[in-house]
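There are 2 protein chains.
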Amino acid sequence: MARETVTSEDVARLANVSQSAVSRTFTPGASVSERTRQRVLDAARQLGYRPNALARAMISGRSRLIAVLVAYLDNHFYPQVLEQLSRAVQERGYQVLLFLTDRGTQDQMVQKMLQYQVEGIVMASADMSSSLARECADTGIPVVLFNRYVTSSLSSSVTSDNVGGARMVTDLLISAGHRRIAFIAGTEDSSTNQDRESGFLQAMERGGLLPFRRLVGDYTSEGAAHAARRLFESDERPDAIVVANDHMAFAVMDVIRDEAGLSIPDDVSVVGFDDVPEAGWGGYKLTTVRQAADVMIEETVKILFEQIEKGEVERRAIIVPASLSVRTSARLPSAEKLERIIEGA
Amino acid sequence: MARETVTSEDVARLANVSQSAVSRTFTPGASVSERTRQRVLDAARQLGYRPNALARAMISGRSRLIAVLVAYLDNHFYPQVLEQLSRAVQERGYQVLLFLTDRGTQDQMVQKMLQYQVEGIVMASADMSSSLARECADTGIPVVLFNRYVTSSLSSSVTSDNVGGARMVTDLLISAGHRRIAFIAGTEDSSTNQDRESGFLQAMERGGLLPFRRLVGDYTSEGAAHAARRLFESDERPDAIVVANDHMAFAVMDVIRDEAGLSIPDDVSVVGFDDVPEAGWGGYKLTTVRQAADVMIEETVKILFEQIEKGEVERRAIIVPASLSVRTSARLPSAEKLERIIEGA
DNA sequence: TTGAAAGCGCTAACAA
DNA sequence: TTGTTAGCGCTTTCAA
Chain H
3 MARETVTSED VARLANVSQS AVSRTFTPGA SVSERTRQRV LDAARQLGYR
53 PNALARAMIS GRSRLIAVLV AYLDNHFYPQ VLEQLSRAVQ ERGYQVLLFL
103 TDRGTQDQMV QKMLQYQVEG IVMASADMSS SLARECADTG IPVVLFNRYV
153 TSSLSSSVTS DNVGGARMVT DLLISAGHRR IAFIAGTEDS STNQDRESGF
203 LQAMERGGLL PFRRLVGDYT SEGAAHAARR LFESDERPDA IVVANDHMAF
253 AVMDVIRDEA GLSIPDDVSV VGFDDVPEAG WGGYKLTTVR QAADVMIEET
303 VKILFEQIEK GEVERRAIIV PASLSVRTSA RLPSAEKLER IIEGA
Chain F
3 MARETVTSED VARLANVSQS AVSRTFTPGA SVSERTRQRV LDAARQLGYR
53 PNALARAMIS GRSRLIAVLV AYLDNHFYPQ VLEQLSRAVQ ERGYQVLLFL
103 TDRGTQDQMV QKMLQYQVEG IVMASADMSS SLARECADTG IPVVLFNRYV
153 TSSLSSSVTS DNVGGARMVT DLLISAGHRR IAFIAGTEDS STNQDRESGF
203 LQAMERGGLL PFRRLVGDYT SEGAAHAARR LFESDERPDA IVVANDHMAF
253 AVMDVIRDEA GLSIPDDVSV VGFDDVPEAG WGGYKLTTVR QAADVMIEET
303 VKILFEQIEK GEVERRAIIV PASLSVRTSA RLPSAEKLER IIEGA
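Protein chains in written order, with the working numbering: chain H, 3 to 347; chain F, 3 to 347.
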């Protein structure tokens with residue numbers, strides 16, 4: 003057990019320079035002569051010196067930490083987001099401090115984030131109390147609600163056009179001649195669900211249709227499977243189902259095919275929301291609304307770093323356009339109609 | 003922009019106690035009278051005081067940070083691991099500092115981890131140079147290679163019984179009467195792949211069979227799909243395929259059904275490795291070797307925290323038993339034979 | 001139990 | 001360009 007901590011002072015001594023010279027050598031853009039630089043670097047290498055990021059963070063007030071809070075990782079949309087976000091953040095010399103939350107503990111987690119002096123916060127599908135949002139704003143820490151928004155909040159938000167996307171995919175179903183269209187909702191109090199549902203309802207109304215039925219799946223596989231079972235327990239069956247996200251749609255498709263013994267899309271059409279990788283897999287070929295995760299992340303990172311740099315927090319609400327990923331889980335309208343729907347986005 | 007940083011000194015002043023009293027109040031197990039405690043807590047609440055975790059980490063030498071490095075999150079085994087690991091770590095008052103690596107940048111990432119003074123490192127499907135491993139050991143930082151091992155390394159490792167698992171699932175195929183069994187490998191230099199492949203080969207040899215064919219899928223969907231296409235381009239077809247992980251197996255199944263127009267398991271049996279959630283989905287129902295992710299994580303966390311507490315790093319290599327998740331993607335042997343295979347694990 | 005004092009390893013004025 | 005100096009906010013002896 004050596005446990006010998008090599009400090010900048012040790013390096014300075016060996017290199018025969020001041021401790022600040024060492025610091026400067028490791029601070030990009032600081033003024034050091036090439037000669038000193040080399041001497042320091044040599045000494046550092048010899049001793050195996052590694053700057054202490056915590057000490058640096060403390061004094062400079064820049065931790066280079068971005069907190070990311072996610073509620074769960076089993077809906078594959080989030081791992082994808084986490085991966086891309088993490089890479090983007092790393093590219094700028096920052097690191098992700100990860101927080102996995104359970105419902106209700108979000109505020110505690112945010113407290114923890116603040117203790118770690120993170121410079122920015124991303125809340126993926128979760129939100130914080132308005133008092134905490136205020137505290138973050140006061141402290142100058144930008145907060146981005148990812149895939150969710152709260153109108154009253156001080157936090158910025160990045161979402162995709164959930165209303166428009168849902169309208170589009172519902173239009174697709176209606177144009178293809180479906181008349182008994184059911185909706186399986188996600189978590190009812192989430193903004194994504196509310197927007198997707200209202201887009202669905204708008205399209206239905208415009209099409210002169212009433213929702214065939216509406217059930218709640220709470221964004222879980224089990225909830226969705228349960229909802230699907232109820233939908234098919236009587237003979238009064240829907241001819242299409244709009245499911246509030248892909249993760250639930252897969253479970254719904256499983257129930258339809260394996261339990262109800264029906265065929266997709268011949269007997270029932272199913273559409274989802276998100277366009278997670280599995281939606282393209284052969285086992286599902288799900289027609290769904292594509293959320294441009296890459297664009298959403300780009301926007302998130304932009305908000306974060308602009309505000310970190312400027313040192314001022316300001317609320318922004320970005321809505322990224324959604325598009326349609328048309329596959330084979332839903333009966334399609336004629337080519338012209340389809341085109342019109344996609345264009346009308 | 004308030005940016006007012008409330009320090010323990012501010013709290014001390016308001017509470018009319020010394021700054022150390024404030025520190026003690028927020029240090030579990032420190033000796034403070036109930037009266038002082040309350041005064042401090044009150045003052046802290048009034049001022050919105052939040053201990054600075056970085057300052058605490060610096061002085062105490064305990065960052066309460068665990069670095070987790072993952073290469074990618076699209077194989078669903080890893081998000082699952084990340085979620086569980088993160089929760090386990092949080093339960094102990096630690097936080098995960100996330101690193102997403104590209105091949106070859108691992109050592110750089112480890113340097114960064116060390117700069118952040120993390121107390122432990124988990125490398126999921128990646129490894130570090132032996133010199134760095136030595137450095138970590140010298141610094142007293144436990145390193146766990148998760149789902150991979152390097153015999154020569156100083157790092158601990160937690161894997162499942164890849165050899166045994168592969169043998170089991172191959173036995174299953176052989177007992178069911180398959181004779182032309184192909185193998186689609188993952189990343190060739192990974193220990194998981196090597197072990198799974200050698201388990202496969204052992205079972206084949208014991209069964210008096212030669213591998214029908216062996217291709218490399220590199221643990222990616224694209225690689226696996228490509229391998230599967232080559233496997234079915236001629237009429238000399240396999241009657242079963244052992245795929246080195248589930249993620250690839252799904253792609254293989256897609257090619258078999260959608261491109262080759264064959265039926266699973268009637269024309270070809272397919273088995274995988276990992277038992278990710280999608281393996282149980284209706285679209286695949288993949289018979290696969292189950293890696294007990296929960297146990298693996300338990301062991302990982304145990305190694306980490308035992309060594310953090312003891313302050314001494316010592317190499318441990320844990321192999322967690324694997325089991326079979328039998329579904330319908332592979333033709334089955336008779337019930338007794340099946341039982342014998344499962345028992346023989 | 002409490003407070004004073006000495007740093008943890010570093011950055012950032014400031015003067016030279 | 002360089003070194004000196006003064007902290008960042010906290011924990012942890014040490015004495016009282």
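We put the CB at the ideal spot given by N, CA and C, even for glycine. Keep in mind it's a predicted model, so treat the numbers as computed, not measured.
Which residues DSSP lists as bridging residue i, in chain order
i                : result
serine 193(F)    : None; serine 193(F) has no bridge partner.
valine 70(F)     : Leu100(F), Val124(F)
alanine 242(F)   : Ile183(F), Ser271(F)
valine 160(H)    : Phe148(H), Ile320(H)
aspartate 276(F) : Arg292(F)
Residue i (DSSP reduced to helix, strand or coil)
i                    : result
glutamine 293(F)     : coil
arginine 64(H)       : coil
phenylalanine 234(H) : coil
alanine 4(H)         : Its pLDDT being 44, under 50, alanine 4(H) is placed unreliably in this model, and the value from its coordinates should be taken loosely. Here alanine 4(H) sits in coil by DSSP.
threonine 9(F)       : coil
phenylalanine 148(H) : strand
arginine 215(H)      : strand
leucine 49(H)        : helix
serine 325(F)        : strand
histidine 78(H)      : coil
methionine 206(H)    : helix
glutamate 314(F)     : coil
lysine 339(F)        : helix
lysine 304(H)        : helix
glutamine 119(H)     : coil
threonine 153(H)     : coil
alanine 32(F)        : coil
methionine 255(F)    : helix
valine 83(F)         : helix
methionine 130(F)    : coil
glycine 95(H)        : coil
arginine 105(F)      : coil
valine 19(H)         : coil
Beta-carbon separation (whole angstroms), residue i vs residue j, contact threshold 8 angstroms
i                 : j                    : result
valine 291(H)     : alanine 332(H)       : Incorrect: roughly 12 angstroms between the Cβ atoms, too far for contact.
aspartate 163(H)  : valine 322(H)        : 7 angstroms
proline 240(H)    : isoleucine 183(H)    : 6 angstroms
tyrosine 118(H)   : alanine 319(H)       : Not a contact, Cβ separation roughly 27 angstroms.
methionine 298(H) : phenylalanine 148(H) : 7 angstroms
leucine 326(F)    : leucine 174(F)       : 7 angstroms
isoleucine 343(H) : serine 88(H)         : At roughly 35 angstroms, the Cβ-Cβ gap does not stay under 8 angstroms, so isoleucine 343(H) and serine 88(H) are not in contact.
Proximity below 8 angstroms, CB of residue i to CB of residue j
i                 : j                : result
valine 315(F)     : proline 81(F)    : no
valine 124(H)     : leucine 100(F)   : no
glutamate 11(H)   : leucine 67(H)    : no
isoleucine 348(F) : glycine 219(F)   : Nothing can be reported for residue 348(F), as the shown portion of chain F is limited to 3 through 347.
serine 131(H)     : aspartate 104(H) : no
alanine 226(H)    : valine 245(H)    : yes
alanine 324(F)    : glycine 166(F)   : yes
aspartate 248(F)  : alanine 281(F)   : yes
alanine 205(F)    : arginine 169(F)  : yes
alanine 32(F)     : leucine 71(F)    : no
The ligand HEM heavy atom lying under 7 angstroms from the CB of residue i
i            : result
valine 72(H) : The model depicted lacks the ligand HEM and carries no ligand whatsoever.
Same chain only: Cβ atoms within 6 angstroms of residue i, ignoring 5 sequence neighbours per side
i              : result
leucine 56(H)  : none
tyrosine 96(F) : Arg66, Ile68
serine 159(H)  : Leu147, Tyr151, Ala319
alanine 46(F)  : Val13
alanine 230(F) : Val254, Val257
Sequence-distant residues of the same chain with beta carbon closer than 8 angstroms to residue i, five excluded per side
i                 : result
glutamate 116(F)  : Inspection of the sequence shows that residue 116(F) is occupied by leucine rather than by glutamate. Glu137, Cys138, Thr141, Ile143.
glutamine 48(H)   : Leu16
isoleucine 305(F) : Pro144, Val146, Ser158, Val160, Arg318, Ile320
glycine 50(H)     : Val8
Close Cβ partners of residue i (< 7 angstroms) along its chain, the five nearest in sequence each way excluded
i              : result
alanine 4(F)   : With a pLDDT of only 44 at alanine 4(F), under the threshold of 50, the placement of this residue in the model should not be trusted; the figure read from the coordinates follows. Closer than 7 angstroms at Cβ, skipping near neighbours: no residue.
leucine 75(F)  : Pro81
arginine 39(H) : Thr27
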